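The next block holds one structure in the form of structure tokens; read it before the comments.
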Amino acid sequence: MLQLINTADGSHTLRHLGLQETYHSVHGAVQESAHVYIQHGLHYFMDRDQPRIIKILEVGFGTGLNALLTLVDKKARDVEKSYDTVEAFPLGEAIVKQLNYPACLPEKDAAPHFMALHRAAWGRPVRLGANFSIHKTEADFCSLPLRAGYYDVVYFDAFGPKVQPGIWAKPVLARVEAAMAKGGILVTYCASGQFKRDLMALGMEVEELPGPPGKRVMVRACRSCK
């Protein structure tokens, strides 16, 4: 059962009533995603590496907000983006149509892009625009095989470790780290102590960065280039 909620920046989030967990911050859904995943993930990697193609892995497609912000991002417009995303429980179209993210963004094409993301077929790559392709996988991420040494940027956006501990467990994080390219980065809203210790134990360089509204810090981790 899902409940539609207005957040502080005017954009929606959903509350999963069974887990009592929200998909995005009640302090501002669009602000959170833009801050954590676009500014400190996508843009950071672009500024650092000047890539022509960026291979992105998203853990938790959820509402599709992170994918939408990536697709319409002006800074990354001319960079090829290969976007792989995993979701165990896709949202139905009825609830998707209620989400107001396109109305909260300045891009005029946000609305058709948002619906195209959700209507894209599962299980195969789908081209959406000149420089964006998405491959949505409906699966339990904890048991999903991942391509080794492949991803440049990981958006780790699962429900929090208190309600979904398995996906934040060290064996799963080890698989994510192994799937990242050398120098690849992982960004997430979560800054729990055990999570950071596990990333460091895997040899990753872990940074605490200022968080989005309502959250003191977030985490960015980089896979060793060695």
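Residue 7 is where the sequence shown starts when you use the numbering used here, and the numbers rise one by one after that.
Heads up, the beta-carbon is just placed ideally off N, CA and C, and yes, glycines get one too.
Being a predicted model, the structure only gives us computed values, none of them experimental.
Output the boundary residues of the beta strand (DSSP E) element that contains residue i.
{"i": "Cys228", "result": "Val223 to Cys228"}
What does DSSP give as the partner residue(s) for residue i in the beta ladder?
{"i": "Thr194", "result": "Val225"}
{"i": "Phe162", "result": "Val65"}
{"i": "Lys142", "result": "Thr91 and Trp128"}
{"i": "Pro216", "result": "Val223"}
{"i": "Glu27", "result": "His22"}
{"i": "Tyr157", "result": "Met186"}
{"i": "Pro133", "result": "Sequence inspection shows Arg at residue 133; the Pro mentioned does not correspond to that position. Paired residue(s): Ser139."}
{"i": "Glu211", "result": "Cys228"}
{"i": "Leu123", "result": "Answer is none; Leu123 lacks a bridge partner."}
Does chain D have any CB closer than 8 Å to the CB of residue i?
{"i": "His22", "result": "Among the chains in the structure shown there is no chain D, since it carries only a single protein chain."}
For residue i, does the count of other Cβ atoms within 10 angstroms reach 16, so buried, or fall short, so exposed?
{"i": "Gly98", "result": "exposed"}
{"i": "Asp146", "result": "exposed"}
{"i": "Arg226", "result": "buried"}
{"i": "Ala73", "result": "buried"}
{"i": "Gly16", "result": "exposed"}
{"i": "Cys231", "result": "exposed"}
{"i": "Gly217", "result": "buried"}
{"i": "Asp260", "result": "Past the edges of the chain, shown from 7 to 232, lies residue 260, and the structure says nothing about it."}
{"i": "Leu111", "result": "buried"}
{"i": "Arg229", "result": "buried"}
{"i": "Val169", "result": "exposed"}
{"i": "Gly190", "result": "buried"}
{"i": "Asp90", "result": "buried"}
Starting from residue i, trace the alpha helix (DSSP H) both ways and give me its first and last residue.
{"i": "Tyr89", "result": "That residue, Tyr89, is in no alpha helix (DSSP H); its beta strand (DSSP E) goes Glu86 to Glu93."}
{"i": "Thr13", "result": "Taken as a continuous stretch (DSSP letters only), Thr13 belongs to no alpha helix (DSSP H), as it is neither H nor E."}
{"i": "Phe147", "result": "First-last for Phe147: undefined, no H or E at that position."}
{"i": "Gly199", "result": "Gly199 to Ala207"}
{"i": "Pro108", "result": "Tyr107 to Cys110"}
{"i": "Leu97", "result": "Per DSSP, Leu97 belongs to no alpha helix (DSSP H) and is neither H nor E."}
{"i": "Gln37", "result": "Ala35 to Ser39"}
{"i": "Val78", "result": "Leu71 to Val78"}
{"i": "Tyr50", "result": "Tyr50 to Asp55"}
Could you give the C-beta distance for residue i and residue j, rounded to a whole number, given that I count them as a contact under 8 Å?
{"i": "Tyr161", "j": "Val65", "result": "7 Å"}
{"i": "Leu179", "j": "Leu208", "result": "6 Å"}
{"i": "Ile173", "j": "Cys196", "result": "Incorrect: roughly 11 Å between the Cβ atoms, too far for contact."}
{"i": "Leu23", "j": "Met7", "result": "4 Å"}
{"i": "Val36", "j": "Leu71", "result": "7 Å"}
{"i": "Ala126", "j": "Lys142", "result": "6 Å"}
{"i": "Leu152", "j": "Arg181", "result": "6 Å"}
Three-pair Cβ contact test at 8 Å for the region 57 to 69 versus the region 80 to 87: A contact between stretches requires three or more CB pairs, one per stretch, nearer than 8 Å, and the region 57 to 69 meets this requirement with the region 80 to 87.
Inter-stretch contact at 8 Å, needing at least 3 Cβ pairs: the region 116 to 131 / the region 39 to 46: Short answer: they don't touch.
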